[in-house]
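Enquirer: Below you'll find the structure I mean.
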Amino acid sequence: MLNHFRQILPRTIRPTMMLANVRFNSTPADKSPVSANVPSSLWKLGKLNHLAVAVPNLDEASSFFKNVLHAKSVSGAVPLKEHGVYTVFVEFGNTKIELLHPLGEKSPI
14 MLNHFRQILP RTIRPTMMLA NVRFNSTPAD KSPVSANVPS SLWKLGKLNH LAVAVPNLDE
74 ASSFFKNVLH AKSVSGAVPL KEHGVYTVFV EFGNTKIELL HPLGEKSPI
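Going from the sequence shown to my numbering is simple: count from 1 and add 13.
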């Protein structure tokens, strides 16, 4: 399944190596062995504020979300030294995507 995502997603938003080991499956979260002891009410997702995605190139990723996916707005890059990243917020109206890029060699991403 991950290979399928690698083929259809542009290089600017492909999963990083950190996410390469993520297993995609169709098991509902409230039915998986990992979540067996978690009440199903906790799995009901309300409004999603934002989702963060690490990208290899902020300019290319920003352009993709703006020009291809027609995002409502795309902010400029802001360095967050305390977190070791540059961040760009992409707004789609009801939610946002936060694009992250390393800020220096000691970045956590």
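Yeah, the Cβ is synthetic: ideal placement off N, Cα and C, and Gly gets one too.
My understanding is that LEU82 touches LEU112, with C-beta atoms under 8 Å, so please give their C-beta distance in whole angstroms.
Expert: To locate residue 82, count along the sequence shown from 1; it is residue 69. To locate residue 112, count along the sequence shown from 1; it is residue 99. With a Cβ gap of about 12 Å, LEU82 and LEU112 do not count as contacting.
Enquirer: Would you decide whether VAL91 is buried or exposed? Buried here means 16 or more other CB atoms lie within 10 Å of its CB.
Expert: Sequence index remark: in the sequence shown, residue 91 carries index 78 (1-based). Exposed is the call here.
Enquirer: Mind reading off the beta-carbon distance from VAL87 to LYS79? Whole number of angstroms is fine, and I expect it under 8 Å.
Expert: Walking along the sequence shown from the start, residue 87 turns up at place 74. Walking along the sequence shown from the start, residue 79 turns up at place 66. Indeed, because the Cβ distance is near 5 Å, the residues count as touching under 8 Å.
Enquirer: What distance in whole Å lies between the Cβ atoms of PRO115 and VAL98, which are believed to be in contact at a cut-off of 8 Å?
Expert: Here residue 98 is taken as the residue at index 85 of the sequence shown, counted from 1. Here residue 115 is taken as the residue at index 102 of the sequence shown, counted from 1. VAL98 to PRO115, Cβ: 6 Å. Contact.
Enquirer: On a CA-only basis, which of SER54, THR100, GLY117 is nearest VAL66? Give me that one, please.
Expert: Residue 66 sits at position 53 when you count from the first residue of the sequence shown. VAL66 has its Cα closest to that of THR100, out of SER54, THR100, GLY117.
Enquirer: Mapping DSSP to helix, strand and coil, what is VAL81?
Expert: As a working note, residue 81 is residue 68 in the sequence shown. Residue state, collapsed to three classes: helix.
Enquirer: Would you identify the three-state DSSP class for SER76, choosing helix, strand or coil?
Expert: In the sequence shown, the residue the question calls residue 76 occupies position 63. Three-state result, SER76: helix.
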